[in-house]
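Those sequence lines, one after another, are chains G and A.
Under the numbering used here, the first sequence has 83 at position 83, and the numbering climbs by one with no breaks.
Under the numbering used here, the second sequence has 1106 at position 106, and the numbering climbs by one with no breaks.
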Amino acid sequence: MADHIQYNLEERYEFTPKLRKQLLMVIGIGLLLLVAGAVFLALDTGGGHHGGGEHHGGGHHEGGGGGEEHGYNWMTRIWANFWLNGIFFTEIAVMGVLFLAIQYLAKAGWSASFLRIPTAFGNFLPFTGGVLLIVFLFANHDLFHWTHSSLYDKAGEEYDSIIANKAPFFFWPFESGSFPVFWLARFVLYFVLWYWLYTLIKKQHLAEDNIENRLNVKHYDKATVYSAIFIVIFAVTSSTSAWDWVMSIDTHWFSTMFGWYMFASGWVSGLAVITLAVIYLKEQGYLKMVNENHLHDLGKFMFAFSIFWTYIWFSQFLLIYYANMAEETIYFYERLYGYDGIYSPMLVLNLIINFVFPFLFLMTRDAKRKAIFLKVAAWGILIGHYLDFFVMIMPGTVKENGGFFLVEIGTLLMFIGGFVLVFANTLSKYGLIPKNHPMLEESLHHSI
Amino acid sequence: MADSKLIEKHKYMVGIYDHEEKIIKAVKEVQKQGVKVHEVYSPHPIHHIDTYIGHPRTRIPIAAFLFGATGMLLAIWMISYMLAVDWPMIIGGKNFLPIPTMVPVTFEATVLISALGMVTTFFIANNMGPGKKEAMFDRRTTDNRYALIVDLDKNVAKSSEEIKVVLESLGAEANPKIIER
């Protein structure tokens, strides 16, 4: 179908000062809202907050006796929000790298024309990594129950044999309850490995622009090898990072599906961001060669992986529901009935936005080929999966003090602004089209 | 498509081509010259040939959705009837109609009914199935030839001689045969 139209292969994305200003404004507004929200929280909880023993509803094990929670303070909610957004945007950024790696490993041709977009995602990893590290170092006692050393003291009142048995996973080779060396080492390792392999793939991907002979696939082959290494490493680290960062918040609870669950959530969010970025760039007149056939495939990806996420979510839920063991059901009990039920609307909404909505909305062929439908679907999926991460992280950290108001909106805006800023800045550094990519021709003729 | 017993017989001209590119070019060119293409037969799927011929889009996804919805309702009815009406039983301490446990069976029934329904629809729509006589215009289209069928009764503006010339000029085998069915 594709007639021989001459495309501008040299086109570059121009990061306009206007956009930069707008993004900085978004970050500024976010910061303002955050500060306002923080003031509200501080005033609200300033006058003697209900103590640790008063955790209603959820029957949170970890509470045990009074004072064990080491006191919720208004800062906890802010830290939790930074942790939540840090995780969410880390997932999106690393999924861009994964998308790139998959395209190389599968020798995929259709995506070559917009491959520079997911390539720009990975540059946000150092930022989220830094934020998460700072949050952990400052707020580990607020967010992570397992960091309290009193849990590991056999003689102490708060000794918790279940958590003590898991101690080496956090503290090895140090003594239980001291400094979480093993946990932090893994944290650093994830980011270093991901970012390092990302730069390796990106370097080869960009070096392709400068080759003189288009038949030279040296860089393509090298990038494929690095992609393979990345995928093998990511297969393991995507699961273990999910345990470390999110599952360990609910320290007693565990699920063997959790790694996949978080991966599915992150992957479909990443695909939604790629789709949105492609559509917005097209609207600004870039990426002329990306047509409705490419959008159709991106739409299929979002559709398919929304169902995949549902499959994983439901598999985890069904086993827990059916076995009905207290140590497992606590996770859903907390979210559905605990803390005066503040999280249950979000859990239900989460299922509707992330499954029912994309399933019915993206089902027809036309919906996947029209930019406006895809935009609605992608924004819906992004909101839904932000909620999904919210429901994963918030009940275990801020408990009955959770909610969605100024602090949440402010932090989210700051991260969105930061992500787009880094993304646009990275994208403007190199050509928008991988002009010597061996699969580019195939991508131009992609037609389904 | 046409069932010979019910519908008046039509005359078809069968242009045989020996290459995929030739037939794609022929389909486009023939229509430019005002001849409507009835159908193309090929030993393998040809990308976008249906749009070149001008066939309307297949409605099989609609059938799939309807069959899927039927399967879903059927499964929900079956499970509810069995577990809550016919023989209520407490299993694992759950209530009589535990919705989460219904999901896997409902999913499977949806897939099964929609798949079987689609196959049946496909067979009926194409007049195929066990015991049906095959309706090939040229047996070589299962091997290495491509057939372009022109319904002569729907192309009355041009004589069969003219259409023959058009087909041959685009690389068809000489003297395309005319089949009545």
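Beta carbons are placed, not taken as given, at the ideal position from N, Cα and C, and that holds for glycine.
| Check | Outcome |
| --- | --- |
| Beta-carbon spacing of Pro358 (chain G), Ala371 (chain G) below 8 Å | no |
| Helix, strand or coil at Met1013 (chain A) [DSSP, three-state] | strand |
| Supposed contact pair Asp1138 (chain A) and Ile1024 (chain A) - C-beta distance, whole angstroms, cut 8 Å | So it is not a contact: roughly 18 Å between Cβ atoms. |
| Chain G contact for His1038 (chain A) (CB, 8 Å cutoff) | no |
| Terminal residues of the alpha helix (DSSP H) in which Leu1148 (chain A) lies | Taken as a continuous stretch (DSSP letters only), Leu1148 (chain A) belongs to no alpha helix (DSSP H), being part of the beta strand (DSSP E) at 1146 to 1151. |
| Chain A contact for Ser306 (chain G) (CB, 8 Å cutoff) | no |
| Separation of Tyr198 (chain G) from Tyr430 (chain G), as counted between CA atoms | 16 Å |
| CA-to-CA distance, Thr1051 (chain A) to Ser1114 (chain A), given in whole angstroms | 26 Å |
| Where Val39 (chain G) falls: helix, strand or coil (DSSP) | helix |
| Extent of the continuous alpha helix (DSSP H) to which Gly1079 (chain A) belongs | First, the residue type needs correcting, since residue 1079 (chain A) is Ile and not Gly in the sequence shown. Here the alpha helix (DSSP H) through Ile1079 (chain A) covers 1060 to 1080. |
| Beta-carbon gap between Gly96 (chain G) and Ile274 (chain G) smaller than 8 Å | yes |
| Alpha-carbon spacing of Arg20 (chain G) relative to Tyr13 (chain G), whole angstroms | 13 Å |
| Anticipated Cβ contact below 8 Å, Ala101 (chain G) with Ile231 (chain G), distance rounded | 5 Å |
| Chain A contacts made by the region 312 to 323 of chain G, where a contact means CB separation under 8 Å | Phe314, Phe317, Leu318, Tyr321, Tyr322 |
| Cβ-based burial, Tyr1081 (chain A) [other Cβ within 10 Å; buried from 16] | exposed |
| Assigned secondary structure, Tyr1041 (chain A) (DSSP; H/G/I helix, E/B strand, else coil) | strand |
| DSSP bridge partner residues for Arg12 (chain G) (one or two, in chain order) | G:Gly431 |
| Residue range of the beta strand (DSSP E) that includes Ile1179 (chain A) | 1177 to 1180 |
| Inter-residue spacing [alpha-carbon to alpha-carbon] between Pro345 (chain G) and Ile1099 (chain A) | 18 Å |
| Interfacial residues, the region 1093 to 1112 of chain A to chain C, with Cβ spacing under 7 Å | No chain C appears in this structure, whose protein chains are G and A. |
| Rounded straight-line distance, which links the Cα of Tyr190 (chain G) to that of Ile416 (chain G) | 23 Å |
| Residues of its chain near Ser238 (chain G), where Cβ-Cβ distance is below 7 Å and the 5 sequence neighbours each way are ignored | Gly259, Phe263 |
| Cβ of Leu447 (chain G) within 8 Å of any chain A Cβ | Looking at the sequence provided, one finds Ser at residue 447 (chain G) rather than Leu. Cβ-Cβ to chain A under 8 Å: yes for Ser447 (chain G). |
| Residue-chain proximity (His1055 (chain A), chain G), Cβ-Cβ < 8 Å | no |
| Test: His1048 (chain A) CB closer than 8 Å to a CB of chain G | yes |
| Distance between Asp1151 (chain A) and Leu9 (chain G) (C-alpha atoms, nearest Å) | 46 Å |
| Nearest residue (CA-CA) to Thr251 (chain G), options G:Thr147, G:Ala155, G:Tyr321, G:Asp153 | G:Thr147 |
| Top-ranked residue by Cα proximity to Glu208 (chain G), from G:Ala112, G:Leu271, G:Asn350, G:Leu125 | G:Ala112 |
| Neighbourhood of Ile233 (chain G) by C-beta distance below 6 Å, restricted to the same chain and skipping five residues each side | Leu193 |
| Cβ distance (whole Å) where Val26 (chain G) is taken to contact Leu413 (chain G) below 8 Å | 6 Å |
| Residue burial classification, Ala93 (chain G) (beta-carbon count within 10 angstroms, cutoff 16) | buried |
| Under the three-state DSSP convention, the category Lys154 (chain G) falls into | coil |
| Beta-carbon spacing of Phe171 (chain G), Ser161 (chain G) below 8 Å | no |
| Gln1033 (chain A) to Phe1123 (chain A) span [Cα, whole Å] | 33 Å |
| Inter-stretch contact (C-beta, 8 Å, three-pair minimum) for the region 1038 to 1050 of chain A and the region 1139 to 1159 of chain A | yes |
| Closest residue to Leu432 (chain G) among G:Ile78, G:Leu184, G:Ala424 (Cα-Cα distance) | G:Ala424 |
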